[in-house]
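Below is one structure, written out as structure tokens; comments come after it.
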Amino acid sequence: MKGKFSLLTMKNFLNIREIKQLPKNSEFETMGLVSKFIRRKDRNDNPFWEITVSDSSGDIDGKVWQASGWRNTQGGDDFPIDPDNCGLKFEGASVKIHGNIAEFREQVQYNFTEISYLDQNDYPPKMFTRHSPVKAEILEELFMHLIAEISHEPLRNFVEAVFFKHGLWEKFKIWPAAVTLHHAYTGGLLEHSVSVAIGARDMAEHYETFTIPVNIDLIIAGSLLHDIGKLEAYSVNPAPQVTISGSAIEHIALGYGMFRRFAEIEGLDEDIAKALGHIIVSHHGKREYGSPVLPITPEAFIVSAADNVDFSLNYWKSQMDALNSDTDVTDYLPAIDRRLWRGINPA
Ligand SMILES: [Fe+2]
Ligand SMILES: [Fe+2]
Numbered sequence: 105m106k107g108k109f110s111l112l113t114m115k116n117f118l119n120i121r122e123i124k125q126l127p128k129n130s131e132f133e134t135m136g137l138v139s140k141f142i143r144r145k146d147r148n149d150n151p152f153w154e155i156t157v158s159d160s161s162g163d164i165d166g167k168v169w170q171a172s173g174w175r176n177t178q179g180g181d182d183f184p185i186d187p188d189n190c191g192l193k194f195e196g197a198s199v200k201i202h203g204n205i206a207e208f209r210e211q212v213q214y215n216f217t218e219i220s221y222l223d224q225n226d227y228p229p230k231m232f233t234r235h236s237p238v239k240a241e242i243l244e245e246l247f248m249h250l251i252a253e254i255s256h257e258p259l260r261n262f263v264e265a266v267f268f269k270h271g272l273w274e275k276f277k278i279w280p281a282a283v284t285l286h287h288a289y290t291g292g293l294l295e296h297s298v299s300v301a302i303g304a305r306d307m308a309e310h311y312e313t314f315t316i317p318v319n320i321d322l323i324i325a326g327s328l329l330h331d332i333g334k335l336e337a338y339s340v341n342p343a344p345q346v347t348i349s350g351s352a353i354e355h356i357a358l359g360y361g362m363f364r365r366f367a368e369i370e371g372l373d374e375d376i377a378k379a380l381g382h383i384i385v386s387h388h389g390k391r392e393y394g395s396p397v398l399p400i401t402p403e404a405f406i407v408s409a410a411d412n413v414d415f416s417l418n419y420w421k422s423q424m425d426a427l428n429s430d431t432d433v434t435d436y437l438p439a440i441d442r443r444l445w446r447g448i449n450p451a
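Counting the sequence shown from 1 gives a position; my numbering is that position plus 104.
This is the structure in structure tokens:
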């Protein structure tokens, strides 16, 4: 069955945040970018797919069962396709989704009943990509200020060299800080790094007053560098994706490797390199969270605490934005092993 596909008007569609406000048993239509596409098999060997679709309002994880319809609407056509034998790459594609909302084991489940492959000439990825809610110019200015605050000249020169001489900056300023969970959007890595640096610096100043010796230069440099491994761990395609290096080596080890290379090239003092390297490898705070060592210096305690708070708050906010207005608590979130609460209204 071949048909004509006319350009869709966005107003007929719900964005992903709006879909998440719908009650169970609702149907919906949306458009977005495929950020995850996994083919699986059920117990009876029938294929099904787990697909994540993203737009500027959020992400939605859906299941596509065997009976669902797949269509190709490129070039003004509209005809059914077999996703296994159509030669189309769905990851990074713009798609139109028809779906419904069901409940499975007391959790909301989104079923995608029809997936239409859209023409990216008409529906370019930039229609659906998310950006940091903080303006790029503000983040960039804060970043430059933070570097300028590093009073130890060799360390300041080193941080400048990493970002500007070795060419990290062009990627760093637009990179996401994650694929899902937190700061998973354009500019997310810069926003997160700047936020961690400011939070950690302010905490360090507080503890200086309370007579704990903390090296603020190391705190700022460590915060700005702590997640540089994400430049190799993720690709932007245009939705954020984990690279093979990201899966096989992970951003902490990747970041430490990059840091050591730069430290050698720039001749960074070995004691400073040890202290900074320790901040990078310990910043997740626990071995089960991916850090090979636990923080053992005041600077590492502070950066890892600031990292955790920044991640948690950004994740909480994205969950609250997506939460149905008649509930105050999310479903159980396996990624962080808890449900999240809106808290009491400050008013
Ligand atoms: Fe990290
Ligand atoms: Fe981080």
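Built from N, CA and C at the ideal position, the CB exists for glycine as well.
The structure displayed is predicted, hence computed values, not measured ones.
Close beta carbons around S220, own chain, < 7 angstroms, minus the five adjacent residues each side: R175, T177, V199 and K200
Can you tell me which residues fall inside 6 angstroms of ligand 1, judged by beta-carbon distance to its nearest heavy atom, and keep chain order? D331, H355, H387 and H388
Local conformation of A206 per DSSP, three classes: strand
Return the bridge partner residues of S130 from the DSSP annotation. Looking at the DSSP assignment, S130 forms no beta bridge with any residue, so it has no partner.
If you draw a straight line from the alpha carbon of P184 to that of G173, how long is it in whole angstroms? 7 angstroms
In chain order, what residues of the same chain lie with their CB nearer than 6 angstroms to the CB of G136, ignoring the 5 residues before and after it? V157, S158, D159 and F232
When every heavy atom of ligand 4 is checked, does at least one fall within less than 7 angstroms of the C-beta of V300? The model depicted lacks ligand 4 and carries ligand 1 and ligand 2 instead.
Give the straight-line distance between the Cα atoms of R234 and I142, rounded to the nearest whole angstrom. 22 angstroms
Please classify G486: is it buried, with 16 or more other beta-carbons within 10 angstroms of its beta-carbon, or exposed? Residue coverage of the chain in this structure runs from 105 to 451, which leaves residue 486 outside it and unanswerable.
Does P399 pass the burial test, meaning 16 or more other C-beta atoms within 10 Å, or should it be called exposed? buried
Using 8 angstroms for Cβ pairs, my map puts A343 next to G196. What's the rounded Cβ distance? 6 angstroms
Could you name the residues of the same chain whose beta carbon sits closer than 8 angstroms to that of L322, not counting the 5 residues immediately before and after it, in chain order? L259, I376, A379, L380, I383 and E403
Is it buried or exposed for P317, if we count other Cβ within 10 angstroms and need 16 for buried? exposed
Return the chain-ordered ranges of every alpha helix (DSSP H) run that is complete within the segment 173 to 254 and spans a minimum of 4 residues. 240 to 253
Given the structure, does H310 come close to ligand 2, in the sense that its CB is under 7 angstroms from one of the ligand's heavy atoms? no
Could you check whether the Cβ of H382 sits closer than 7 angstroms to any heavy atom belonging to ligand 2? no
Buried or exposed (CB count within 10 angstroms, at least 16 for buried), Y436: exposed
Could you check the C-alpha separation between Y311 and S408 for me, to the nearest Å? 15 angstroms
If the criterion is Cβ atoms closer than 8 angstroms, does the pair V263 and L329 meet it? yes
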